[in-house]
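Comments concern the structure below.
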Amino acid sequence: ICLFSHKSSKREWKPLEDHSCTDVPWLLLFILFCVGMGFICGFSIATGAAARLLSGYDSYGNICGQKNVKVEGIVNSGLDLTHKKYVFFLDPCNIDLVHQRIKSLALCVSACPRKELKTLADIQKFAETNGSTLCSYELQPSEYTTDPRAAKLCPKYPVPESAPIPFFHRCAPVNISCYAKFAEALITFVSDSSVLHRLISGVMTSKEIIMGLCLLSLVLSMILMVIIRYISRVLVWILTILVILGSLGGTGVLWWLYAKQQISASAVETQLAKDNLQALLIYAISATVFTVILFLIMLIMRKRVALTIALFHVAGKVFIHLPLLVFQPFWTFFVLILFWTYWITVLLFLGTTGSPVPNEEGFVEFRMVGPLKYMWWYHVVGLIWISEFILACQQMTVAGAVVTYYFTREKRNLPFTPILASVNRLVCYHLGTVAKGSFIITLVKIPRMILMYIHTQLKGKENACARCMLKACICCLWCLEKCLTYLNQNAYTATAINSTNFCTSAKDAFVILVENALRVAAINTVGDFMLFLGKVLIVCSTGLAGIMLLNYQRDYTIWVLPLIIVCLFAFLVAHCFLSIYEMVVDVLFLCFAIDTKYNDGSPGREFYMDKVLMEFVENSRKSMKEAGRGGGAEGRELKPMVGADEE
């Protein structure tokens with residue numbers, strides 16, 4: 095896709111001076127691809143898939159709530175079901191996990207049974223009273239209790255109470271025990287089904303606490319962003335101290351609760367007490383191991399912490415001047431949700447599109463024949479490419495805004511809304527670059543997902559060598575994807591600076607990163623680690639609050655699932671917020687590296703960087719000279735921070 099010349103061309107960087115369209119052919123290719131996605135949606139709607147999905151259809155191919163066309167060779171097809179608008183399954187809990195469907199005769203009925211029907215007489219009375227026949231079409235309500243065919247053509251009783259699903263006209267059982275059995279079948283590692291019931295019960299009884307803790311994680315993430323903005327200079331040390339206290343406090347509380355619970359469990363030996371005691375022991379041991387590893391990492395990184403303070407301080411200034419950056423995750427998440435909703439809807443359409451074909455049981459299935467049956471592959475590629483395109487648009491928007499801030503000498507001359515100005519440049523000039531970068535990530539993701547699918551399907555069947563090779567390939571592709579994602583982000587920054595196409599920007603960014611490899615290791619890695627500590631702080635705080643609340647919640651059953659849900663949500667929220675800060679730090683680093691390479695502070699080659707970074711460079715040079723005279727290791731540590739043009 096990108097062919098780099100071996101000739102080293104020294105090109106001058108001209109930040110924000112020219113704006114031109116980049117990678118236009120890739121934009122046209124992406125538009126054509128999106129037209130193809132729209133064709134799939136239109137085709138599925140035109141072939142009746144939308145009507146079958148929304149209105150529902152019975153086992154004979156009739157769409158509920160309308161007149162139907164006769165299907166050749168199928169009895170009970172072509173019926174007028176205008177007054178029968180709901181799909182009713184005779185055995186709704188008979189779920190076929192292999193084919194992912196309800197293995198039951200489906201009929202169109204006038205109304206769902208709103209109370210449990212225990213006998214055929216109750217079913218007959220329901221049909222006579224409500225006009226809704228729950229047995230197959232060839233049986234009249236008067237024959238329900240007399241015809242011997244009723245055992246096969248009538249629903250399995252007792253018929254559970256059910257209600258129509260909004261917008262989809264399916265009768266679904268009100269009691270969730272049917273779905274609990276389905277979940278038990280999916281979770282194969284649970285040997286005792288009562289464990290799953292207790293887990294589900296624990297989530298249901300603690301749902302108010304779970305919602306409150308999820309809200310707490312959101313508030314903590316917002317507070318942390320405010321702290322980053324206003325006290326970025328001391329943020330590193332504050333986070334370090336808080337994480338140390340939080341880790342020690344959380345570990346201590348877990349061991350204290352374990353000891354307390356052990357005393358209580360010895361007095362009352364119940365299965366519930368044993369489950370909670372075992373969960374607490376696992377949590378306490380895991381927290382202890384995690385705390386020890388965290389302390390060792392912080393001990394190793396302590397000398398490098400000072401390198402990030404100046405960059406964090408400037409990043410805090412960026413958020414002060416560009417407050418809308420904080421809301422970038424919301425807009426990106428909102429757009430992703432809209433697209434994923436559309437994608438899932440079309441996928442459901444594809445599941446009901448095609449021509450009616452009789453199956454081995456004499457019922458109707460809708461199948462696509464010929465090349466059209468491969469449309470879902472195109473649809474899957476669209477999910478990956480367009481999702482990556484949306485994420486890349488966020489990266490380009492953030493990069494454009496931060497580049498505008500960095501390379502504007504007078505901050506008073508910044509645009510009124512740099513974020514909107516960056517979005518405008520993206521839409522007008524750089525959508526092709528984003529499309530090309532996201533396509534490269536898609537090319538790596540697809541084979542990795544295929545290998546993961548093969549590994550899942552062959553689990554327990556392949557030999558040890560094949561399993562090892564599969565895992566190695568998956569790991570290599572994952573590493574390649576992460577490297578390309580990082581290079582793409584820097585390529586977007588280079589495009590925002592020079593308005594060059596993707597390949598040129600990727601090459602320029604790669605050259606800068608290679609020339610500053612030790613800077614990348616010293617600044618970028620430590621910065622990412624400190625942001626990781628922020629995520630740990632939010633997760634630990636939310637988890638600690640959850641432990642304390644669940645400890646005094648007496649009607650819970652088991653801790654495991656509620657606490658895992660809360661911690662996962664807290665991590666996702668913290669990741670969404672702090673990933674923007676991480677992105678800003680990475681963009682600032684590339685701008686800083688370019689600035690120190692092509693400028694030296696002399697007249698005509700003045701630095702663009704903030705005063706804090708200038709002081710940081712000067713201090714680094716002084717420290718390096720002093721340490722260099724002593725031949726100490728610290729001089730070698732600070733050497734990467736010196737400008738590249740000093741030689």
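Just add 94 to the spot in the sequence shown (first one is 1) and you have the working numbering. A virtual CB, placed ideally from N, CA and C, is assigned to each residue, including glycine.
Who are the near neighbours of residue i in its chain, counting only those whose CB is closer than 7 Å to its CB and skipping five residues on each side?
i    : result
P541 : L571
F686 : M703, L707
L525 : L121
S256 : C206, P207, C265, A266, P267, V268
N557 : none
N156 : N162, S171, L173, L175, C202
Y499 : V412, H415, L416, L508, P512
K212 : Y251, P252
S99  : Because the pLDDT of S99 is 45, which lies under 50, any placement of that residue in the model is unreliable, and the question is left without a value.
For residue i, count the other beta carbons within 10 Å of its own beta carbon; 16 or more makes it buried, fewer makes it exposed. Which is it?
i    : result
V412 : buried
F414 : First, the amino acid is wrong: residue 414 is Ile here, not Phe. Under this definition I414 is an exposed residue.
S103 : Because S103 carries a pLDDT of 43, less than 50, the predicted location of this residue cannot be relied on, and the following value inherits that uncertainty. Exposed.
R146 : buried
T550 : exposed
G132 : exposed
S380 : exposed
K629 : buried
M490 : buried
Y436 : exposed
R519 : buried
R117 : Reading off the sequence, residue 117 comes out as Asp, not Arg. Label assigned to D117: buried.
G640 : buried
L314 : buried
A143 : buried
V678 : buried
M316 : exposed
I544 : exposed
F443 : buried
Y547 : exposed
L405 : buried
Candidates the options: which alpha carbon is nearest residue i's?
i    : options                : result
L537 : I478, A515, M546, Y586 : I478
C265 : P207, S236, F384       : P207
Y154 : G640, N584, G456       : G456
T511 : A495, G445, V521       : A495
K209 : L247, P252, T176       : P252
L682 : E232, Y377, L348, A409 : A409
L657 : K565, V678, L374       : L374
Y586 : D602, L309, L307, L574 : D602
G445 : T141, G343, F427       : T141
F182 : C128, S138, C248       : C248
L309 : D112, C562, V660, V386 : V660
D112 : L607, A590, L342, F261 : A590
By Cβ distance below 8 Å, which residues in the same chain neighbour residue i in space, the five residues on each side in sequence not counted?
i    : result
V192 : Residue placement at V192 cannot be trusted, given a pLDDT of 48 that sits under 50; what the coordinates show is reported in the next sentence. If we look at V192 and ignore the five residues flanking it on each side, it has no Cβ neighbours.
R461 : G448, S449, V451, K467
I632 : S311, L314, S315, L318, A664, F665, V667, A668
H263 : L148, S149, G150, C158, G159, K179, Y180, V181
Could you pull the DSSP bridge partners for residue i from this structure?
i    : result
R264 : V181
V253 : L211
V458 : P452
A200 : F183
K467 : Bridge partners of K467: none, in fact.
K161 : D174
P258 : C265
Y151 : I157
In chain order, what residues of the same chain lie with their CB nearer than 6 Å to the CB of residue i, ignoring the 5 residues before and after it?
i    : result
S226 : V203, S204, A205
N582 : G531
L643 : I303
S516 : T491, G494, A495
C115 : Y523
### Query
Any contact of the segment 121–129 with the segment 520–533, i.e. 3+ C-beta pairs under 8 Å?
Result yes; three or more Cβ-Cβ pairs closer than 8 Å.
### Query
Three or more C-beta pairs closer than 8 Å, one from the segment 694–701 and one from the segment 430–450: is that the case here?
Cβ pair count under 8 Å is below three, so no.
### Query
Taking one C-beta from the segment 469–483 and one from the segment 168–178 each time, how about it: are there three or more such pairs within less than 8 Å?
These segments do not touch.
### Task
Count the CB pairs spanning the segment 483–490 and the segment 499–509 that are closer than 8 Å, and state whether there are at least three.
Judged by Cβ distances under 8 Å, the segment 483–490 makes no contact with the segment 499–509, as fewer than three pairs qualify.
### Query
Are the segment 237–244 and the segment 212–220 touching by the rule of at least three beta carbon pairs closer than 8 Å?
Proximity of the segment 237–244 to the segment 212–220 meets the contact definition, three or more beta-carbon pairs being nearer than 8 Å.
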